[in-house]
Amino acid sequence: MKKIVILTGAGISAESGLGTFRAEGGLWAEHRIEDVATPEGFARDPQLVVDFYNARRAQAAEAAPNAAHLALANLEAAFDGDVVLVTQNVDDLHEKAGMKRVMHMHGALNGALCGACDLRWPAPMVMAPGDACPHCKAPAARPDIVWFGEMPYDMEEIYDHLAQADLFAGIGTSGNVYPAAGFVAEARRHGAQTLEFNLEPSAVGSQFDDIRIGPATQTVPEWVAEVLGG
Ligand code: OAD
6 MKKIVILTGA GISAESGLGT FRAEGGLWAE HRIEDVATPE GFARDPQLVV DFYNARRAQA
66 AEAAPNAAHL ALANLEAAFD GDVVLVTQNV DDLHEKAGMK RVMHMHGALN GALCGACDLR
126 WPAPMVMAPG DACPHCKAPA ARPDIVWFGE MPYDMEEIYD HLAQADLFAG IGTSGNVYPA
186 AGFVAEARRH GAQTLEFNLE PSAVGSQFDD IRIGPATQTV PEWVAEVLGG
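What the sequence shown shows, in this note's numbering, is residues 6 to 235, in sequence order.
Now the structure itself:
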């Protein structure tokens, strides 16, 4: 096994205290996707949207990586081959754990994006609607989050990695949001083994060769120890 591609979702950060989206009482029970996670919602009420991400940025800043994040960083450092981590998460817990290469396909809470010229820069802790772009000066700063209806980042590169993967692992993601939910099928199509980590089978669980049920802080470090030991 030479190349491992990993996709993480909100479930890997749950045990660090960051709520998932689709759990009972999760973020999408408290907030309407249309209001806080679409370009149309932002156009309608930018203050509401900016406040939502300001609160999440503050929460993520307080959070610490857990044993699953740390195990993946260890895997990246010690594996004799290539480890590619793609995350749907907008927190920075993989980086805080020491992971060097993280592809944030849904953007990042610590980033700002200019709606006029597409410049990306480090976000202040508290953003405000109408903040000016440091480059083109348009009052068009927004959180650097990929909203529904927008194209996720790095897709071409991610599909290249999936095509070369020997193993694809999905960790803590419900398999409801495409294109990420389609990665398992894509990796399989190119001959990868596939392994899911979740508390229960995800919406695309039947497409994985194998599943490890349980909290990521237990199942992921166990698996990493096996990979590095074997
Ligand atoms: P979800 O909230 O949809 O799913 C979280 C998954 O993690 C569920 O399948 C849980 O069973 C699992 N889970 C929860 N706690 C876990 C634990 N301790 N160990 C292992 N698994 C656990 O979150 P995502 O799949 O990440 O997009 O959501 C995908 C995208 O939908 C997000 O990136 C976000 C959201 O709308 C945007 O905002 C664009």
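The C-beta atom is built at its ideal place from N, Cα and C for all residues, glycine as well. No experiment lies behind these values; they were computed from the predicted model shown.
The stretch 160–175 makes no contact with the stretch 19–32, as fewer than three CB pairs between them are under 8 Å. Within a 10 Å sphere around the beta-carbon of Pro-148 sit 16 or more other beta-carbons, which makes this residue buried. Scanning the stretch 62–107 for uninterrupted alpha helix (DSSP H) segments of 4 residues or longer gives 72–83, 98–101, listed from N- to C-terminal end. Counting every other CB atom within 10 Å of its CB across the protein chains shown gives Cys-122 a total below 16, marking it as exposed.
Contact between Gly-14 and Asn-94 holds: their C-beta atoms lie close to 7 Å from each other, under 8 Å.
Going by DSSP, Glu-35 is part of the alpha helix (DSSP H) stretching over 32–35.
In the DSSP annotation of this structure, the continuous segment of the beta strand (DSSP E) that includes Glu-201 starts and ends at 198–203. For Pro-206, the secondary structure class from DSSP, reduced to helix, strand or coil, is coil. Between Val-89 and His-166 the beta-carbon gap is near 5 Å, inside 8 Å, which marks them as a contact.
The Cβ atoms of Thr-222 and Ala-73 lie closer than 8 Å to each other. Within the same chain, and ignoring the five residues on either side of His-195 in sequence, the residues whose Cβ sits closer than 8 Å to its Cβ are Leu-167, Ala-168, Gln-169, Ala-170. The beta carbon of Val-151 is closer than 6 Å to those of His-111, Gly-112, Pro-157 in its chain, skipping five residues each way along the sequence.
By the neighbour-count definition (other C-beta atoms within 10 Å, threshold 16), Ile-218 is an exposed residue.
For Phe-173, the enclosing beta strand (DSSP E) has its first and last residue at 172–176.
By the beta-carbon neighbour count (other beta carbons within 10 angstroms, threshold 16), His-140 is exposed.
Comparing alpha-carbon positions, the option among Trp-126, Gly-103, Lys-7 lying closest to Leu-114 turns out to be Trp-126. Distance from the CA of Ala-83 to the CA of Ala-65, rounded to the nearest whole angstrom, comes to 27 Å.
Annotation for Gly-180: Ala-186, Ser-207, Ala-208, Val-209 place their beta carbon closer than 6 Å to its own, counting only its chain and skipping 5 residues before and after.
DSSP, read as helix, strand or coil, puts His-166 in helix.
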